[in-house]
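I have placed the structure first, in the form of structure tokens, so that the comments after it can refer back to it.
There are 2 protein chains.
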Amino acid sequence: MKKKYLLTPGPTPLPPEVMSALAKPIIHHRTAEYSALFVEVNNGLKSLFQTAEDVFTFASSGTGAMEASVVNLLSPKDKVIMVEAGKFGERWLELGNTYGLDVIPVHVQWGKAVESSLIEKLLKENPDAKAVFVTLCETSTGVKTDIKTIAAITAKTNAVLVVDAISGLGAMELKTDEWGVDVVVSGSQKGMMLPPGLAFISLSKKAQKMLETSTLPKYYLNLKAYKKALDKSDTPYTPAISLTVALTEALKLINDEGLENVLKRHAVMAEATRQAVKALGLEVFASSPADAVTSVKLPEGMDGSKLYKTMKDELGVQAAGGQGDLKGKILRIAHLGYMDASDVILGISALEVALGKIGYPVKMGEGVKAAQKVLYQINS
Amino acid sequence: MKKKYLLTPGPTPLPPEVMSALAKPIIHHRTAEYSALFVEVNNGLKSLFQTAEDVFTFASSGTGAMEASVVNLLSPKDKVIMVEAGKFGERWLELGNTYGLDVIPVHVQWGKAVESSLIEKLLKENPDAKAVFVTLCETSTGVKTDIKTIAAITAKTNAVLVVDAISGLGAMELKTDEWGVDVVVSGSQKGMMLPPGLAFISLSKKAQKMLETSTLPKYYLNLKAYKKALDKSDTPYTPAISLTVALTEALKLINDEGLENVLKRHAVMAEATRQAVKALGLEVFASSPADAVTSVKLPEGMDGSKLYKTMKDELGVQAAGGQGDLKGKILRIAHLGYMDASDVILGISALEVALGKIGYPVKMGEGVKAAQKVLYQINS
């Protein structure tokens, strides 16, 4: 018997309440029973997204929600500023190019965060820019973007701020309405503790106005259809019923813990992981680290895939490797969703043991000790 | 205690094996374990779709797969023939208009099937037509389209045949390769016995060629990205893992029963339902009835919603009412997916009892007797 632990930044482990809900007999979506449940879900989503506006849900990967933000707000040749600081920022650029937008790309060195002042400068130089696209937590690098400052900048312009919060939502602070974030997109398999398959998008009043002028073609992702249906607690197409039923359970768990405590738990797990990494003589790759996932910079010459495989196959702990140019160069350890202090401890322990097994000079227990200090406030 | 029976044409009931699979701990999709499972799924889908070509799977409602067939094969102003014989045919027209196609609409009276000779005539008059869009089982009317004859017609032209088989696949014969059907789209919550949330599309070699020339914009639904990933047993975006794991179980059930037997079971359930309806003095609404769902024409003056509600709320049996102009005028009883002879019996019995309760002169037991005769070959 060997237990398996999934410490990846999506999919994340499922709480038992969610797994049980997924196993329930299916109910029909055009019934009073489902409508009541959908109302409950929509209220819970508003709290989680920290917005008074509607949050729209549809069956797709998070990428579908990213695409929805592009095709519902914009028209061909619209000027947009798109930040690319990793693999998921690249996706914004690909979407912008696919739909014939006039893209001003902001390439940021992977591992760094975009400078807010650069966004401010670009918006001044391009007063006709319609939108700024950024990523709250760039999952590929573990970098956090300073959304609050950027939102304060975009709020003074005609441009809307679109935030990919797929891996950040429910793990890192994102005060949508208070900060003036216009569009938040997310997915189910990260902080929301569900299997992948649901995508979400919220729109500020400023963004809602753009629905009226956008001419890019859309059908399945047409938010006007979702809005019309939502006003009757309905969906335009058959929803992913089982996932939505399970979402009620996940939202209950978040509500019971309290969003503030959920975010604090993530912050503490993240800090513990970072301190552990440093105690082991390694570096955190991100200059501005996110609280959803910690990227560990591996020493020159270390075989990253060997480290990953040792953790996974010998110790039962699955972290994530690097993507694109970072393949083999970083290890990403998630502290995201249904995870707590014990997950951090077993993850750091597995990292220590695997480092030892592949021949890296590691003082066993030092990482765990540093994590314990943060997680349990033990100072001896 | 009152048990509930779902006799709707989607979602359909889940087999216990599927429910258990949905409740499993999540696994990561970028692992050897998931790749092996995905290979198994893809092979099973080829058998179910009766094609040697790839079947692509993505997280969305069936409508997403319909849209994928349009945006991946066509370019603006392309001439297409779209058959509208019900609510789901309307969806083809909406998609065609959304994407600026030159649509030749074929409006068919709801309850009737399109005449194959009309398709032949239109293709002769429009040799530049790129595609013909039809619906195997028009769920809103219970009508079956003669795909075999239409495929023989399109095969002789440059046009591809695109079939919405969302509610028909796994319930009615569709020999994709043998008949020369170019594109088959489907969804998970009908004959595939899964919750909604997965959509599927298969493409013939003739259709695959059109991927190279299509200029309509697409990103999440871009099949070239799915093809590139599929060749490595991967997906371009995070797949709906739980639903895909459950799909392996559903495909096993279909394989164990044998597709031929699955289709025969549906044909027998459908014939039993039709005979029962007639024995009760009612009419089958569809001139060419489908084997996935039977639409019952309600007598003038009968309150269809009252009949539906009596069956659902008093007898625990949920059928479906009419959609659009057919609201209150028909009742649709599904015999689709994880249903067998006993479901037909309890459904017909509930129909008889509900008819009696709302004051329709019904000879109790006559419908059940007619169904028994077909289901169990009892002739006394």
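Sequences listed follow chains G and E, in order. Per my numbering, the first sequence starts with residue 14, numbered consecutively. Per my numbering, the second sequence starts with residue 14, numbered consecutively. Cβ coordinates follow ideal geometry from the N, Cα and C atoms, glycine included. Keep in mind the model is a prediction, meaning the values are calculated, not measured.
query                                                                                                                                                                : result
Since Tyr18 (chain G) meets chain E, which of its residues come closer than 8 Å, beta carbon to beta carbon?                                                         : Going along chain E, no residue has its Cβ under 8 Å from Tyr18 (chain G), so there is no contact; the nearest lies around 10 Å.
Give a yes or no on whether the C-beta atoms belonging to Ala81 (chain G) and Ile267 (chain G) are separated by under 8 Å.                                           : no
Is it buried or exposed for Gly372 (chain G), if we count other Cβ within 10 angstroms and need 16 for buried?                                                       : exposed
Determine whether the beta carbon atoms of Met185 (chain E) and Tyr351 (chain E) lie at a separation below 8 Å.                                                      : no
Run through the stretch 183 to 232 of chain E for me and flag every whole beta strand (DSSP E) of 3 or more residues, listed as ranges in chain order.               : 196 to 200 and 211 to 216
On the DSSP bridge assignment, give the partners of Ile117 (chain G) in chain order.                                                                                 : G:Ile94
Would Leu264 (chain G) count as contacting chain E if we go by Cβ distances under 8 Å?                                                                               : no
Closer than 9 Å between beta carbons: that is the criterion. Which residues of the stretch 229 to 254 of chain G meet it against chain E?                            : Leu229, Pro230, Lys231, Tyr232, Tyr233, Leu234, Asn235, Thr248, Pro249, Tyr250, Thr251, Pro252, Ala253 and Ile254
Below 8 Å on the Cβ atoms is my contact criterion, and I expect Gly314 (chain E) with Lys342 (chain E) to pass it. Report the Cβ-Cβ distance as a whole number of Å. : Wrong, their Cβ atoms sit about 11 Å apart, outside the cutoff.
Could you tell me whether the Cβ of Gly210 (chain E) comes closer than 8 Å to any Cβ of chain G?                                                                     : yes
Using a Cβ-Cβ distance under 8 Å, would Tyr47 (chain G) count as near chain E?                                                                                       : no
Are Leu131 (chain E) and Ile117 (chain E) closer than 8 Å when you measure CB to CB?                                                                                 : no
Pick from G:Asp269, G:Pro312, G:Ile361 and G:Met79: whose alpha carbon is nearest that of Phe146 (chain G)?                                                          : G:Met79
DSSP has Thr70 (chain E) in a bridge; who is on the other side?                                                                                                      : E:Phe213
Taking the C-alpha atoms as reference points, what is the distance between Gly260 (chain G) and Lys15 (chain E)?                                                     : For the sequence presented, residue 260 (chain G) should be read as Leu rather than Gly. Using only the alpha carbons, I get a separation of about 26 Å.
State the start and end residues of the unbroken alpha helix (DSSP H) segment that holds Val52 (chain E).                                                            : Ala45 to Phe62
When DSSP builds the beta bridges, which residues end up paired with Glu296 (chain G)?                                                                               : G:Lys310
Look at Ala72 (chain G) and Ala253 (chain G) and say whether their C-beta atoms are less than 8 Å apart.                                                             : yes
Of all the residues that make up the stretch 112 to 140 of chain G, which are near chain E by a beta-carbon distance shorter than 8 Å?                               : Tyr112 and Gly113
Of the residues that make up the stretch 20 to 32 of chain G, which ones have a beta carbon closer than 8 Å to any beta carbon in chain E?                           : Thr21, Gly23, Pro24, Thr25, Pro26, Leu27 and Met32
Please name the residue in E:Leu243, E:Gly75, E:Glu327 and E:Ser217 whose C-alpha comes closest to that of Ala168 (chain E).                                         : E:Ser217
Would you list the residues sitting across from Ile343 (chain E) in a DSSP beta bridge?                                                                              : E:Lys310
Would the stretch 88 to 96 of chain E count as touching the stretch 142 to 161 of chain E if we require 3 or more Cβ pairs under 8 Å?                                : yes
Consider the Cβ of Ala36 (chain E): report whether some Cβ of chain G lies at a distance smaller than 8 Å.                                                           : yes
Residues in the same chain with beta-carbon distance under 8 Å from Gly282 (chain E), minus the five sequence neighbours each way, listed in chain order, please.    : For the sequence presented, residue 282 (chain E) should be read as Met rather than Gly. The residues are Asp304, His348, Met352, Asp353, Ala354, Asp356, Val357 and Leu388.
In terms of alpha-carbon separation, which member of E:Glu262, E:Val375, E:Glu225 and E:Ser255 lies closest to Thr25 (chain G)?                                      : E:Ser255
Can you tell me whether Gln331 (chain E) is buried or exposed? The criterion is at least 16 other CB atoms within 10 Å of its CB, across all chains shown.           : buried
Restricting to Cα atoms, I'd like to know which of G:Gln122, G:Ala45, G:Asp67 and G:Lys376 is closest to Ala289 (chain G).                                           : G:Lys376
Mapping DSSP to helix, strand and coil, what is Leu388 (chain G)?                                                                                                    : helix
Look at the Cβ atom of Leu182 (chain E), then the Cβ atom of Gly155 (chain E), and state whether they are nearer than 8 Å.                                           : no
For Trp192 (chain E) versus Asp338 (chain E), is the C-beta distance shorter than 8 Å?                                                                               : no
Straight-line CA distance for Thr21 (chain E) to His41 (chain G)?                                                                                                    : 8 Å
To the nearest angstrom, how far is it from the Cα of Phe101 (chain G) to the Cα of Val84 (chain G)?                                                                 : 18 Å
Under the three-state reduction of DSSP, which class applies to Val357 (chain E): helix, strand or coil?                                                             : helix
Quick one: does Ala72 (chain G) have its CB under 8 Å from some CB of chain E?                                                                                       : yes
Anything in chain E within Cβ reach of Thr9 (chain G), meaning under 9 Å, just list it in chain order.                                                               : In the structure as shown, chain G begins at 14 and stops at 393. Residue 9 (chain G) is therefore absent and cannot be evaluated.
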